[in-house]
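For reference, the structure is listed below as structure tokens.
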Amino acid sequence: MFKKVLVANRGEIAIRVMRACREMGMGTVAVYSEADRQALHLRFADEAYLIGPPPSAESYLRTDKIIEVAKSSGAQAIHPGYGFLAENPKFPLACQEAGLVFIGPSAESIRLIGSKLTSRRMMTEAGVPVVPGTCEGVGSLEQLGDIASKVGFPLMLKAATGGGGKGLRLVHGEEELASAYRATRSESQSSFGDDTIYVEKYLDCPRHIEFQVLADQHGNCIHLGERECSIQRRHQKIIEESPSPMMTPELRKKMGEMAIRAARAVCYYSAGTVEFLVDGNGDFYFLEMNTRLQVEHPVTELVTGIDLVKAQLLIAEGKPLPWKQEDIHQRGAAIECRIYAEDPDNNFLPSPGKILGLTIPAGPGIRDDGGIYEGYEVPIYYDPLLSKLVAWGSDRQEAVQRIRRALQEYKIVGIKTNLPFLRKILEHKAFIKGEIDTHFINRHITAGTMEEVPAALREVAVIAAAIHAYEREINRTQQPARSSQQKISRWKEAGRQAFLHQNR
Amino acid sequence: MFKKVLVANRGEIAIRVMRACREMGMGTVAVYSEADRQALHLRFADEAYLIGPPPSAESYLRTDKIIEVAKSSGAQAIHPGYGFLAENPKFPLACQEAGLVFIGPSAESIRLIGSKLTSRRMMTEAGVPVVPGTCEGVGSLEQLGDIASKVGFPLMLKAATGGGGKGLRLVHGEEELASAYRATRSESQSSFGDDTIYVEKYLDCPRHIEFQVLADQHGNCIHLGERECSIQRRHQKIIEESPSPMMTPELRKKMGEMAIRAARAVCYYSAGTVEFLVDGNGDFYFLEMNTRLQVEHPVTELVTGIDLVKAQLLIAEGKPLPWKQEDIHQRGAAIECRIYAEDPDNNFLPSPGKILGLTIPAGPGIRDDGGIYEGYEVPIYYDPLLSKLVAWGSDRQEAVQRIRRALQEYKIVGIKTNLPFLRKILEHKAFIKGEIDTHFINRHITAGTMEEVPAALREVAVIAAAIHAYEREINRTQQPARSSQQKISRWKEAGRQAFLHQNR
Amino acid sequence: MIFEANLGQERYLVEIAREGEVYNIKIKDKEYVADVRKIGEALYSLLINNHSYDVEIRSNRYSHSVVLREGCFQVDVYSQREGRMGVSGAPLEMLGKVDVCSPMPGRVVKILKEVDEQVREGEGVIVVEAMKMENELRSPKEGRVLEIRVAEGKAVNAGEVLVVVE
Amino acid sequence: MIFEANLGQERYLVEIAREGEVYNIKIKDKEYVADVRKIGEALYSLLINNHSYDVEIRSNRYSHSVVLREGCFQVDVYSQREGRMGVSGAPLEMLGKVDVCSPMPGRVVKILKEVDEQVREGEGVIVVEAMKMENELRSPKEGRVLEIRVAEGKAVNAGEVLVVVE
């Protein structure tokens, strides 16, 4: 068993990983940037080392410094979390050279999967259905025309080395083809340093369904069922659930087998995720594989009862998987909401700043994986994910009821968050019925969070604001006469504090 | 379905019940005493009504006021939580008269079970083994002598109408019999207004194992497995778990059947708990039945996946149980720790006061059912239970590891709590092995929490205290020169606040 | 004391009197009794006619941001005197020059318009990166770019004026 | 600056110097570097030689209560001057009269001793009820009850002297 593990990440996922380490009796080492001296992951760890200035390129992406800290602190293994170095094939190699264990798959698996054309080819060879399109780079506009006439419109042009919603374009018809070809290649070159692009058929309103796989270094591989991640905004998942409301046992068996086949095709070990798009006919297509722990892994944990980070640790230690496929059972349903520091009433602009008040929901069926605390200042340099709220219920209805209840309890005072936006989605009839696909938000949800509120509640808001104004008015007129001896009502104190706040 | 439910309780259990109501779409009505204007259960509810001064006899025990509030607010049903009016047979009758539904069993079931002699007789008739002893009141000292010679020493003298650890005495031998007889009768008279006492054999180091039952108003009754509650201090449970580490499937089946038989014997419906003592031979004896939701119900919820409060609501609405016995499956293991405002380093004296800082643990497998918040002042009038921390794991080992991890994360600043004492129990080898009985704490755990700490940690404490003293010293000598323009270091600010705090 | 409050398109007249810890409120001819306690920084427990609300309130001059369990409300409140003086109503600044400010600290990634260029209402004028996201800031009105105060790559503070539209 | 600290039976000499945000500490010939941030009321984040501790510290004159994840420590700290003056060591008050104080607000349920009665160390002298619990308060030393300042049934505050033992 590892005695000490370095977590090369920050925020909620660093804490998530450290919790698993601590439960298993392993020491934890944090790394932090100058912006993160007061971050929760540092406070949470047994040891913490400064690795550089705030920008991630100078700190959380500095392979050399992180490995240096691991060695000097005596850590035996490094967990990369997600993001940052998690899917960089050079990082496991550097760990290996330094005699450290990388908690994740092999560099080779990451490399194979990281190249979209290679992985499309390998999946096709392995018999895993991929989204129809090309498995080679498009050589010229003429060639693209030929391909387009076979694939049909609408189609997607994608950068072969792309990711994160960059370097892709939807083409509706022949007339858009030439300009999209040029634009995608140029964006691909400038974003990823490679102008290879390829073609995929555009699936209309697909569902995003992914399978969690676990594989050890001895050739054992199982899947832990699916997650549905169709609720996305700008290609960003915000609500995920397991099981998918559209799943049948037969389809699960078929897709699960394909997910295992995909993992085996790249000799995968550790926890990984195989993403599929599913169309209206129930046909599914391999989209990509994520060679790391996913943000949304908790919904699978709640439904299967398996701690995925502990599984990663076991696998990295070279132990065989303690489960066979028949040991995996889904129980009930789980839903996760990602809570971001962003303003849904103002075009979802990021909202860093100090958290003045924090009430985290709790009680039956609720799990919160967070990285913040009251008094914490959310820095401007990193991803705006504050926390993940997850609910388990004996069925989907109860999970939805619980997460709605919990979203009402959640209070983050001082910065703007997407909580009201999440509430709105969770209250939508189509969501409650499970009628979701990747266009759900565009189709059903408007950004503003104020409309459709009962008149009585609006009056409450007006009364609260008016009382606040009343006290400030009283306070202002009485100010000259105020002395420290005077008894100040609680509200007046409040008014004054609010006043001080705006003048800061 | 009820549209609105009044919760006749406070603290964590009131919030627990309201969470279930809210998830089911029911409105919630709180009642509160003058000491509880800022209590969390009031903030949590949709509506809140003042029912009297701080002492419970003038507020939370005022049946008349509570029923008046229920009627005027339009609530259709009342949930009593535990404690207060939960096991008072007059309360369901009063509800009935007022046209309100009592969320719990019938008045008659409560009455039958509330009398220890009656319930011992009924259980014996139903074939449920009771702790050997008498089922009639002891008429005289002479009669007691005869009984004692049959039952054997040590034995327990108990008040027939007793409860809560009062009105009972352990008698080791004949020489103690006379004085114990007089003392128990007199205490029983003064505490419960009735001097009837009876005899029970004293079981040496038994385990406390209880079964959760659910019964509807249509004659269906199932059990949800056991909880082990052997970790007690002064007859007060502090750590509970499910399943019991000593349980076998055969014994579970046998005891579960007896629990159902016990519930049927008193025509029970709603959620209830049948408590047994189990001796070293695996023989078990009915101890008593609790005709309400138990403090420790969450461990059963985590293991079975069933929400007991929602089940109570369904049953109270007259619906049939949606589960048969074969639908109930235990999965993994759960452990609960009760977090009290009391000082383990000072004879467990209660520690009311203001909560200056609060960090509630979260993450995988952790559930917190609490009734406090940062800034809340724990009042002196009520039970010192602040919160219940519960952990689920795929097996007992993981549940223990998780709750230990969570206990380390729990921070309650400003008042003393039993957190260090709980940590100590959870780290004890005998506990980890599951070798527990009701004498565990007396045998293994000393109250003080300071001993056996590694020297390095002691040095950390010394360094922290010395830096604190250093800053106060610097601060004190520089005080005359201080001006508002001066930049004050974070620590100095801290020092000054601490200084202000002690002078308050 | 009488206040005028605006919430969205609605206008309210609110009359408030305090007796001890209790406020008596008249609004649209309905009467309310409110009991208020401060629970934390900007957080209050309100009992209004025995209905319980946990409310977060933050104010900036007239503008109050009120957060209830059900959502966030922007309420502008003016004392009667201010109300009569016409401070309320359509924001005055919309009529002349408008500043496009950065709502958060970040870094300018791209400037989308040049000085003197025409912009439509809601059209993007500048892109600021913060928290790993590129955020397009838009012109709140139709007009002409009068001034660009920053350069691409520059770090900006929250509230800093980036572009002026006329 | 040099301090003397007592933790349980152990005595420490601690030398502290601050450079900016960092403290250099010598204790038992070992050297530590500590970086300290205030996180909340009485809550600090300490990095001591890169080990991370969340520490709650509360002080009352010499007495410091330090809460770490692993437990709670009572540390008495004296500046060198105070240390030399013999403030540390066995509590002086144990030698003369001792007050039995109520550690919490509550109500006196029972007085177990009379004036002039002898008490052993650790023997209960009075019972105070708080939070539904009856709590026996004990004499911290052997001696004689000198004074009883309260009556049964009376409400008492935290810190109030209930009984004096000599």
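Protein chains in written order, with the numbering used here: chain A, 1 to 504; chain B, 505 to 1008; chain C, 1009 to 1174; chain D, 1175 to 1340. Just so it is clear, CB atoms sit at the ideal spot from N, CA and C, and this is done for glycine as well.
Exercise. What's the gap between the Cα of D:Glu-1267 and the Cα of D:Glu-1230?
Worked result: In the fourth sequence, counting from the first residue as 1, residue 1267 of chain D sits at position 93. In the fourth sequence, counting from the first residue as 1, residue 1230 of chain D sits at position 56. Only weak support exists for where D:Glu-1267 lies, its pLDDT of 45 falling under 50; the coordinates are left without a value.
Problem set entry | Buried or exposed by the 16-neighbour rule on C-beta atoms within 10 Å, applied to A:Ala-159 | Position 159 of the first sequence holds residue 159 of chain A. Burial call: buried.
For this session: Determine the DSSP secondary structure at B:Ile-839, reduced to helix, strand or coil.
Result: Position 335 of the second sequence, counted from the start, is the residue given in the question as residue 839 of chain B. Strand.
Problem set entry | Selection of the region 861-875 of chain B by Cβ proximity to chain D, strictly under 8 Å | Gly-861
Exercise. Hey, quick one: how far does the beta strand (DSSP E) through D:Gln-1248 stretch, first residue to last?
Worked result: For the purposes of this step, residue 1248 of chain D is taken as residue 74 along the fourth sequence, with counting starting at 1. Segment 1245-1253, the beta strand (DSSP E) holding D:Gln-1248.
Exercise. Can you tell me the Cα-Cα spacing of B:Ser-576 and B:Gly-531, whole angstroms?
Worked result: Within the second sequence, numbered from 1, the residue matching residue 576 of chain B stands at position 72. Within the second sequence, numbered from 1, the residue matching residue 531 of chain B stands at position 27. Cα to Cα, the separation comes out at about 14 Å.
For this session: Go to B:Ala-903, then tell me how far its beta strand (DSSP E) extends in each direction, as first and last residue.
Result: Sequence index remark: in the second sequence, residue 903 of chain B carries index 399 (1-based). Not the beta strand (DSSP E): B:Ala-903 falls in the alpha helix (DSSP H), residues 900-913.
Problem set entry | Listed by chain order, chain A residues near C:Arg-1128 by CB distance under 7 Å | Working through the third sequence from its first residue, we reach residue 1128 of chain C at position 120. Here the premise fails: no neighbours, minimum Cβ distance about 16 Å.
Exercise. The region 873-892 of chain B: which residues have C-beta closer than 9 Å to a C-beta of chain C, in chain order?
Worked result: Tyr-877, Glu-878, Gly-879 and Tyr-880
Exercise. Mind listing which residues of the region 28-40 of chain A have their C-beta closer than 8 Å to chain D's C-betas, in chain order?
Worked result: Ala-30, Arg-37 and Gln-38
Exercise. Who are the neighbours of C:Ile-1047 on chain B, taking C-beta pairs under 8 Å?
Worked result: Numbered from its first residue, the third sequence carries residue 1047 of chain C at position 39. Ordered by position in chain B, the residues that pass the 8 Å Cβ test against C:Ile-1047 are Gln-542, Arg-547, Tyr-877 and Gly-879.
Exercise. When you compare only the Cα positions, how much space is there between A:Leu-203 and A:His-79?
Worked result: Counting from one through the first sequence, the residue named residue 203 of chain A turns up at place 203. Counting from one through the first sequence, the residue named residue 79 of chain A turns up at place 79. Rounded to whole angstroms, A:Leu-203 to A:His-79 spans 35 Å at the Cα level.
Problem set entry | Assigned exposure category for A:Ala-456 - 16 Cβ within 10 Å defines buried | Taking the first sequence and counting its residues from 1, one reaches residue 456 of chain A at position 456. Flag for A:Ala-456 reads exposed.
For this session: Indicate whether the contact test is met: 3 or more Cβ pairs, each with one atom in the region 1010-1024 of chain C and one in the region 462-477 of chain A, closer than 8 Å.
Result: yes
Exercise. Helix or strand or just coil, what does DSSP make of B:Thr-638?
Worked result: Sequence index remark: in the second sequence, residue 638 of chain B carries index 134 (1-based). It is coil, neither helix nor strand.
Exercise. Which residue's Cα is closest to the Cα of A:Ala-215: A:Ile-239, A:Val-274, A:Lys-388 and A:Thr-161?
Worked result: Start at 1 with the first residue of the first sequence, and residue 215 of chain A comes out as number 215. Ranking the options by Cα distance to A:Ala-215, first place goes to A:Val-274.
Exercise. With a Cβ-Cβ cutoff of 8 Å, do B:Ile-764 and B:Cys-725 count as a contact?
Worked result: Against the second sequence, residue 764 of chain B aligns to sequence position 260. Against the second sequence, residue 725 of chain B aligns to sequence position 221. Yes.
Problem set entry | Assigned secondary structure, A:Ala-298 (DSSP; H/G/I helix, E/B strand, else coil) | Locating residue 298 of chain A in the first sequence gives position 298, counting from the first residue. A quick correction: the sequence has Pro, not Ala, at residue 298 of chain A. The answer is helix: DSSP assigns A:Pro-298 an H, G or I state.
For this session: Could you name the residues that DSSP lists as bridge partners for D:Asn-1223?
Result: Residue numbering aside, residue 1223 of chain D sits at position 49 when the fourth sequence is read from its first letter. D:Asn-1223 is not bridged to any residue.
Exercise. Along chain B, in chain order, which residues have C-beta atoms closer than 7 Å to that of C:Asn-1058?
Worked result: For the purposes of this step, residue 1058 of chain C is taken as the residue at position 50 of the third sequence. Ordered by position in chain B, the residues that pass the 7 Å Cβ test against C:Asn-1058 are Glu-551, Ala-552 and Tyr-553.
Exercise. Given that a residue counts as buried once 16 or more other Cβ atoms are within 10 Å of its Cβ, and exposed if not, what is B:Gly-545?
Worked result: Taking the second sequence and counting its residues from 1, one reaches residue 545 of chain B at position 41. In the sequence as displayed, the identity of residue 545 of chain B is His instead of Gly. When all chains shown are included, B:His-545 counts as buried.
For this session: With DSSP collapsed to three states, give me the class of C:Lys-1036.
Result: Here the question's residue 1036 of chain C lines up with position 28 in the third sequence. Coil.
For this session: List the whole-angstrom C-beta distance separating C:Ser-1071 from C:Gln-1082, where the pair is believed to meet the contact cut-off of C-beta under 8 Å.
Result: Numbered from 1 along the third sequence, position 63 holds the residue referred to as residue 1071 of chain C. Numbered from 1 along the third sequence, position 74 holds the residue referred to as residue 1082 of chain C. Contact holds; Cβ gap of about 7 Å.
For this session: Output yes if chain B places a C-beta closer than 8 Å to the C-beta of D:Ser-1233; else output no.
Result: The residue given as residue 1233 of chain D occupies position 59 in the fourth sequence. Yes, D:Ser-1233 counts as interfacial toward chain B.
Exercise. From A:Val-213 to B:Asp-899, what does the alpha carbon distance come to, in whole angstroms?
Worked result: For this step, residue 213 of chain A is matched to residue 213 along the first sequence. For this step, residue 899 of chain B is matched to residue 395 along the second sequence. Between A:Val-213 and B:Asp-899, the C-alpha separation is close to 22 Å.
Problem set entry | Below-8 Å beta-carbon distance, B:Ser-987 vs any chain D residue | To locate residue 987 of chain B, count along the second sequence from 1; it is residue 483. Bear in mind that the predicted position of B:Ser-987 carries a pLDDT of just 42, short of 50, making it too unreliable to give a figure here.
Exercise. Anyone know if the C-beta pair for B:Leu-911 and B:Leu-889 falls short of 8 Å?
Worked result: Here residue 911 of chain B refers to the residue found at position 407 when the second sequence is read from its first residue. Here residue 889 of chain B refers to the residue found at position 385 when the second sequence is read from its first residue. Going by C-beta atoms, B:Leu-911 is not nearer than 8 Å to B:Leu-889.
Problem set entry | Range of the contiguous beta strand (DSSP E) that encloses B:Gln-740 | As a first step, residue 740 of chain B must be located in the second sequence, where it is residue number 236. Taken as a continuous stretch (DSSP letters only), the beta strand (DSSP E) holding B:Gln-740 covers 740-746.
For this session: Identify every run of the beta strand (DSSP E) within the region 527-558 of chain B, keeping only runs that are complete inside it and at least 3 residues long; order them along the chain.
Result: 531-537 and 551-556
For this session: Starting from A:Ala-464, find everything on chain C with Cβ-Cβ shorter than 7 Å and list it in chain order.
Result: If you number the first sequence from 1, residue 464 of chain A lands on position 464. Ordered by position in chain C, the residues that pass the 7 Å Cβ test against A:Ala-464 are Leu-1054, Val-1063, Ile-1065 and Val-1074.
Exercise. By the 10 Å Cβ neighbour count, where 16 or more other Cβ atoms means buried, how is D:Pro-1265 classified, buried or exposed?
Worked result: Mapped onto the fourth sequence, residue 1265 of chain D falls at position 91. Because the pLDDT of D:Pro-1265 is 44, which lies under 50, any placement of that residue in the model is unreliable, and the question is left without a value.
Exercise. Whose CA, out of A:Leu-141, A:Gln-76, A:Ala-77 and A:Gly-365, lies closest to the CA of B:Trp-896?
Worked result: Counting from 1 along the second sequence, the entry for residue 896 of chain B is found at position 392. Comparing Cα positions, the closest option is A:Gly-365.
Exercise. Taking any Cβ of chain B, which residues in the region 1185-1199 of chain D have a Cβ under 8 Å from it, in chain order?
Worked result: Tyr-1186, Val-1188, Ile-1190, Arg-1192, Glu-1195, Tyr-1197 and Ile-1199
Exercise. For B:Ala-611 versus B:Leu-621, is the C-beta spacing smaller than 8 Å?
Worked result: One-based indexing of the second sequence puts residue 611 of chain B at position 107. One-based indexing of the second sequence puts residue 621 of chain B at position 117. Their beta carbons are not under 8 Å apart, which means B:Ala-611 does not touch B:Leu-621 by this criterion.
Exercise. B:Ile-713 lies in the beta strand (DSSP E); which residues open and close that run?
Worked result: Locating residue 713 of chain B in the second sequence gives position 209, where the first residue counts as 1. 711-719 is the span of the beta strand (DSSP E), which, as asked, contains B:Ile-713.
For this session: State yes or no: is the C-beta of B:Ser-855 nearer than 7 Å to some heavy atom of the ligand FMN?
Result: Ligands displayed in this structure: none; no statement on the ligand FMN is therefore possible.
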